[in-house]
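Written out below as C-alpha cells is the structure these notes cover.
Residue numbers (the working numbering): 52 to 620.
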C-alpha cells in the first residue's frame, strides 16, 4: 500500500482520500450529513476533504488516523515508540520537522523509522532520506501523540533562542504596565501560552497550574485528579505569560496585588473550549490556574459517570417527583456538578422550565436556563433564587448551598412545589442533614422537603488494556473482612493506550441515602450524625466504601486508589 502512494502521487491522492472517507462512513465515525458539510467546506477552501472534516471537528483524530492506516497499510506509531531524546538534531532542523509534522523515532543501522501525521506527504520523507542518507520507513502518528512528543523533544530546546527577542522583565521594567503589555504580545510569549493550553487540552487535563518559584516557573497539569509536571518555560517569561493570560481573559494586567477571575474561549480542532482563569498573588510572583471545560470530554449520563445501577434507579425515582430537595455532597472536584447536569439532562423536556443558579456556569446545557451568580453586581445565590421563584420554574438547580440564607430559600422552594437539586460540602451523605440543621433549617422542614442525600468521589479508572489480576493484600483483607466482594483485585503496569500511567479516565464512587420513615423520625428528634448513620445502615444503606469495593472486584479501580480516595475504614 505504501508503494501505491509513492508511485501514483499526486494523481491517486483524491482516490485515496475517498477511500478514507468511505472507511470512516462504514465505521460510523462519519455521518452522511457531516460528510456533505465537509465536502461543501472543502470545495470553498480548496483543502483536502479529510483535513477539512478534522478541522471542523466532524471526524476525531484517532478515527481519521485509523482510517488512513487501513487504506495505506502504514502502521500507527505507539506512544512508547517515541524516543526519550530528539534524534538527528544536527542533521534535521526543528523548524523543518515542525512544518513536515514528522519525528524520527528510531534509527536501526541504515534505516530511519519516521512518524508522520500526513501519509500523503511524499516530499518530506524523500528530503529526509536525501539529507540523512538513511532509508526511511514511515509510520503514522496520531496528531495528539505527535503534538505531545514534539513539545517534549523539541520545544524546550527551541524556546531558549525564541526567548532572547529582547524580552527582559527584570528590575524596573517589571513594574512598567505598558512594557508588560508589549511583552505579553510578543510572538514567543503567545506561542508559549498557546502551547501550554494546547497541551492541557490534548492531555485531557482538568486544570493547568502556572506558578513562580525562586528559580523560575513551574507548570503542572491536573490529569485524572493528580498534578503532573510539564515543560518549564524560561524563568524571565513568567510575568509575560501571566499577563498574556490576563489579556486573553479580559483582566487588569496592572493589578497584581489582588486575585482576579475571568474566562477564555479558544477554538481547538473544530470545537470551542472554555477556560476558567483565576490569578493569585504569590510570594514568587503571580500564579494562575486555568480550569479546562471541554464539553466533548464530559458524558452527562449516569452510567458513563460510573454510578451503580441501584443508585441510578434511586436517583430516577427522586427525579420523577414534582417537588422536594435532592442533595449531592462531596469535596471540590468530586463530580457533584456533573452528576446534577446529568440529572437535568435526563429530565429536561419542553414542558418543564428548568433553571440553574451557578457560580460559575461550567457547561452550557441546551433547553435549560442558566444563571451566573455575580458578587460584583450584588447577585448572590439567595437573591438569584428569590428572583427565579418568580419566573415560574418547575426544576431548580442550586450550584452550591454556602450559607443559611441560600439554604432557607432552597428549602422554601422545595416546600412550595418545586424540585430542587443542590450541592453541599460534606464528607458523606448522612452529614448533609445535620449540616443544614446547623445552618438554621428546622429538622421538621427538612423532614418534609429532603427526598434523598447522595455523596460521591471520583477515582482513577484502571486502564482496561493492561490491567492484570492480583490477590488482595492480606492487610486489606484483615481490615475489610466480609465486606470484600472478592479475593482478587486488578492492577495496571501501564501501556501505550494509557500513556504508561495505568489509568484512563475517572469513575464515580457514591452512596445514596433516601429519606425513609425511620430516618425521618431520627431527624425530627435531632439525632446526631452517628445515630443517623446507624439507622441508614440498618436499612441496608451501602457506603462509598461498599461501592468502591464492588468496583475493585469488577476490575474498574485499584484497591490503592480506593484507599487514596476514601481511606481504608
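Virtual Cβ for every residue (Gly too), placed ideally from N, Cα, C.
- In terms of Cα proximity to residue 147, the closest of 82, 167, 438 and 193 is 167.
- The three-state secondary structure of residue 191, taken from DSSP, is strand.
- In the same chain as residue 186, and ignoring 5 residues on each side of it, the C-beta atoms closer than 8 Å to its own belong to 161, 162, 163 and 180, in chain order.
- Beyond the five residues adjoining it in sequence on each side, residue 590 comes within less than 8 Å, by CB distance, of 567, 569 and 570 in the same chain, given in chain order.
- In its chain, beyond the 5 residues on either side, 547 have a beta carbon closer than 8 Å to the beta carbon of residue 129.
- Bounds of the alpha helix (DSSP H) holding residue 500 are 494-500.
- Straight-line spacing of the CA atoms in residue 274 and residue 105 works out to 25 Å.
- When Cβ pairs closer than 8 Å are counted between the two stretches, the region 494-513 is seen to touch the region 551-563, the count reaching three or more.
- Contact between residue 357 and residue 559 is confirmed by a C-beta separation of about 4 Å, below the 8 Å threshold.
- Going by C-alpha positions, residue 351 is about 4 Å away from residue 393.
- Under the 8 Å Cβ criterion, the region 167-176 does not count as touching the region 76-83, having fewer than three qualifying pairs.
- Residue 353: member of the alpha helix (DSSP H) spanning 353-356, first to last residue.
- Secondary structure note for residue 252: its alpha helix (DSSP H) is the uninterrupted segment 238-253.
- Counting C-beta pairs closer than 8 Å gives fewer than three between the region 297-315 and the region 378-390, which falls short of the contact rule.
- Listed in chain order, the non-local C-beta contacts of residue 71 below 7 Å within the same chain comprise 101, 118, 119 and 122, local neighbours out to five positions each way being set aside.
- Residue 333 sits close to residue 263, with the two beta carbons spaced by under 8 Å.
- Per the coordinates, the alpha-carbon of residue 597 lies some 7 Å from the alpha-carbon of residue 534.
- In terms of Cα proximity to residue 189, the closest of 200, 317 and 165 is 165.
- Linking residue 290 to residue 337 through their CA atoms gives a straight-line distance of about 7 Å.
- The continuous beta strand (DSSP E) containing residue 541 extends over residues 539-543.
- No residue range can be given for residue 282, since it is assigned to no beta strand (DSSP E) and is classified by DSSP as neither H nor E.
- Between the alpha carbons of residue 507 and residue 617 lies a distance of about 10 Å.
- With respect to residue 314, residue 328 sits close: the two C-beta atoms are nearer than 8 Å.
- Of the candidates 505, 503, 601 and 495, 601 places its Cα closest to the Cα of residue 539.
- Residue environment analysis places residue 133 among the buried positions, since at least 16 neighbouring C-beta atoms fall within 10 angstroms of its C-beta.
- In the three-state scheme derived from DSSP, where H, G and I count as helix and E and B as strand, residue 395 is classed as helix.
- Exclusion of the five residues before and after residue 344 leaves 324, 325, 326, 327, 413 and 414 as the residues of its chain whose Cβ lies within less than 8 Å of its Cβ.
- Around the beta carbon of residue 87, fewer than 16 other beta carbons lie within 10 angstroms, which makes this residue exposed.
- Here residue 250 is buried. Its C-beta has 16 or more other C-beta atoms within 10 Å.
- The DSSP-derived three-state label of residue 439 is helix.
- Here residue 419 carries a coil assignment [DSSP, helix/strand/coil].
- Residue 76 carries a helical assignment under DSSP once its states are collapsed to helix, strand and coil.
- DSSP, read as helix, strand or coil, puts residue 572 in helix.
- DSSP assignment within the region 154-201 yields the following whole alpha helix (DSSP H) runs of 4 residues or more, N-terminal first: 174-183 and 194-201.
- In the displayed model, residue 615 falls within a helix according to three-state DSSP.
- The beta carbon of residue 103 lies closer than 8 Å to those of 89, 92, 93 and 96 in the same chain, with the five residues before and after it left out.
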